[in-house]
Structure formats: C-alpha cells, structure tokens
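*Asks:*
In our numbering, the protein residues as written are 621 to 713.
1. For the region 665-676 and the region 703-711, state whether three or more C-beta atom pairs, one from each stretch, are separated by less than 8 Å.
2. Should residue 691 be labelled buried (16 or more other beta-carbon atoms within 10 Å of its own) or exposed?
3. Does DSSP put residue 696 in a helix, a strand or coil?
4. So, residue 660 versus residue 679, is the Cβ gap smaller than 8 Å?
5. Suppose contacts are defined by Cβ-Cβ distances below 8 Å. Is residue 709 in contact with residue 663 by that definition?
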C-alpha cells in the first residue's frame, strides 16, 4: 500500500469550504503521483479495477457539488482504488 491516507488529511482540515476541498484534492493527487509506479494505470486498463477507478473518479467529480459527507466518502473510495491499482501493478497482477 502507498501509505497515503487522504481521508485523514481531509478530516484534519474540517470544517472546510468548497475551495478548500478542491485544494485538498489537488494536494492528494500530487501525493499520489509522487508515489505512483509509472505505467500502473495504463496496465490496469481493461480490468474491473480500472472500471472501479473510472467510477470513483466520476463520483469524486460529482461530490464537489454535494455535501461534506459525500466528498469524504468519494475521496476515500478514490484513495482505496488508487492504492489497489498501485499494489496490483507492483505485484505484477
């Protein structure tokens, strides 16, 4: 696992505004990219995990306009999927 806990980062900053939520997501994506194995997402294309990634991304996009709880849940789902993709890639799956 990548050891990144985006949900905890968001919780530490509560309460937050929509702009702060966007900033937190941008920070989270930068952290994921720093630890991301090159080619992991491309290698997952065509798998059920990639479909989950697409859904998590769409849900996260929609959550910007929802409630704080929706945003936190979407961010957590996104983090979990990204970690699974990275782990599978590292394990050669």
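Ideal placement from N, C-alpha and C gives every residue a C-beta, glycine not left out.
*Replies:* A quick look at the data gives this:
1. Cβ pair count under 8 Å is three or more, so yes.
2. buried
3. helix
4. no
5. yes
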